Structures are given as structure tokens and as C-alpha cells.
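Some notes on the structure that comes next.
Numbering (my numbering), first residue to last: 81 to 245.
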């Protein structure tokens with residue numbers, strides 16, 4: 081490590097560590113990211129061009145690229161390091177699904193007496209459209225409005241019949 085990078089390391093390591101830790105909320109991971117950034121800076125120091133940017137700007141680009149790479153690899157691993165939780169998956173039989181579908185159709189006809197609400201519920205629950213797609217089809221209805229109507233309907237089903245969608 082040359083003297084410029086060594087001095088930069090001594091003067092800025094803690095600041096870089098705090099910055100990355102604010103983003104990751106994980107001290108060990110933050111240390112890994114900052115150390116990886118310093119390793120890359122040592123490895124590619126000959127590529128630094130003082131006419132293009134300051135040394136600090138050049139290093140910050142390396143630091144945030146290291147952070148992005150860490151986040152991408154952590155996301156790709158699909159492992160949550162903070163929680164050891166087993167997921168329970170409830171399997172619903174086809175007959176129960178069909179029963180729920182008939183119940184949904186019946187409740188849509190009651191809940192959605194107004195034409196617009198009924199149409200929104202039919203598109204969402206029976207046709208399988210997303211809230212965004214419904215807002216595009218029904219041009220005078222926003223995504224949040226579609227979501228609210230669906231939420232109220234879902235709550236009504238849960239309260240009345242104990243059916244969770």
C-alpha cells in the first residue's frame with residue numbers, strides 16, 4: 081500500500097465504516113464492505129486518474145460499488161441472517177378453494193352493489209388483475225383506491241366468514 085492510500089485509510093476508515101453501517105445496520109457486514117473497498121483501491125490504484133476526479137471521489141465510487149455488490153450477493157443468497165424462522169405453509173384443498181370462490185362471488189354481488197366497486201372486485205378476485213392493471217382499465221380509479229376497496233372486501237370476508245384470502 082503506498083503512502084497516499086495508507087494515509088487515506090488512517091484518516092477515513094472510521095468515517096467510511098460509520099457511513100456503510102448506517103446503510104446496512106450490521107457492523108460485521110459493514111467492516112467486510114469497507115475492507116473490500118480498500119482491497120479494491122489497493123488493487124486498482126494505478127487506474128486512478130487525478131485529472132478526472134479527486135481521490136476521495138474515486139474511492140467513494142469503489143466503496144459504494146463494494147456495498148452494491150455485497151447487497152446483491154446477500155439478496156441472491158436468500159438467507160435472512162437475523163431470523164431463524166420456519167415458515168408454515170397451509171395447503172388448501174381444491175374443494176375448499178372452489179367453496180371460497182363461490183363465497184367470493186356471492187359476497188362481491190352483495191358488497192359491490194355500486195357498479196364500479198363490483199367491477200373492481202371482479203377484476204381483482206375473479207379475473208386475477210393487479211391493482212395497477214385495474215387502475216389502468218378503470219381510468220378514473222387510482223391504485224390506492226383499488227387497494228382500499230380490496231382491503232375492505234377482504235376484511236369483510238374475514239370478519240363474516242373467517243375466510244382469509
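Using N, Cα and C, we set each Cβ at its ideal position, and we do this for glycine too. A quick note: this is a predicted structure, and the numbers were derived from the prediction, not measured.
DSSP on residue 114, reduced to helix/strand/coil? Locating residue 114 in the chain shown gives position 34, counting from the first residue. Note: residue 114 maps to helix in three-state DSSP.
What three-state label does DSSP hand residue 129 in the structure shown? For this step, residue 129 is matched to residue 49 along the chain shown. The answer is coil: DSSP assigns residue 129 none of H, G, I, E or B.
Taking the alpha-carbon positions, what's the residue 234 to residue 217 distance? In the chain shown, counting from the first residue as 1, residue 234 sits at position 154. In the chain shown, counting from the first residue as 1, residue 217 sits at position 137. Looking at the two C-alpha atoms, the distance is approximately 21 Å.
Alpha carbon to alpha carbon, what distance is there between residue 139 and residue 83? In the chain shown, the residue the question calls residue 83 occupies position 3. In the chain shown, the residue the question calls residue 139 occupies position 59. Pairing residue 83 with residue 139, the inter-Cα distance amounts to about 15 Å.
According to DSSP, simplified to helix, strand and coil, what is residue 215? If you number the chain shown from 1, residue 215 lands on position 135. Looking at residue 215 - three-state DSSP - the assignment turns out to be helix.
Could you tell me if residue 240 is buried or exposed, where buried requires 16 or more neighbouring beta carbons within 10 angstroms of its beta carbon? Taking the first residue of the chain shown as position 1, residue 240 is located at position 160. Note on residue 240: under 16 other CB atoms within 10 angstroms of its CB, so exposed under the neighbour-count rule.
The segment 122-135 touching the segment 98-114, judged by at least three CB pairs closer than 8 Å: Touching, no, given that fewer than three Cβ pairs across the two stretches are closer than 8 Å.
DSSP-derived helix/strand/coil call for residue 241: Taking the first residue of the chain shown as position 1, residue 241 is located at position 161. If DSSP states are grouped into helix, strand and coil, residue 241 belongs with the helices.
Helix, strand or coil for residue 105, going by three-state DSSP, please let me know. To locate residue 105, count along the chain shown from 1; it is residue 25. In the three-state scheme derived from DSSP, where H, G and I count as helix and E and B as strand, residue 105 is classed as coil.
Am I right that residue 143 and residue 96 are in contact with their C-beta atoms under 8 Å? What's the rounded C-beta distance? Here residue 143 refers to the residue found at position 63 when the chain shown is read from its first residue. Here residue 96 refers to the residue found at position 16 when the chain shown is read from its first residue. Going by Cβ atoms, the distance from residue 143 to residue 96 rounds to 6 Å, so yes, they are a contact pair.
Please report the straight-line C-alpha distance between residue 209 and residue 226, rounded to a whole angstrom. Position 129 of the chain shown, counting from 1, holds the residue named residue 209. Position 146 of the chain shown, counting from 1, holds the residue named residue 226. Straight-line Cα distance between these residues: approximately 11 Å.
Collapsed DSSP secondary structure at residue 220 in the structure displayed: Along the chain shown, one-based indexing puts residue 220 at 140. If DSSP states are grouped into helix, strand and coil, residue 220 belongs with coil.
Does DSSP put residue 98 in a helix, in a strand, or in coil? Numbered from its first residue, the chain shown carries residue 98 at position 18. Reduced to three states, the DSSP call for residue 98 is helix.
Does DSSP put residue 124 in a helix, a strand or coil? The count along the chain shown starts at 1 and reaches residue 124 at position 44. DSSP places residue 124 in coil when its eight states are reduced to three.
I'd like the span of the alpha helix (DSSP H) that includes residue 195, first residue to last. Here the question's residue 195 lines up with position 115 in the chain shown. Counted as a single uninterrupted DSSP element, the alpha helix (DSSP H) harbouring residue 195 occupies residues 195-201.
Run the proximity test for residue 136: is its beta-carbon closer than 6 Å to any non-hydrogen atom belonging to the ligand FMN? In terms of ligand content, the structure shown is empty, and the ligand FMN therefore cannot be addressed.
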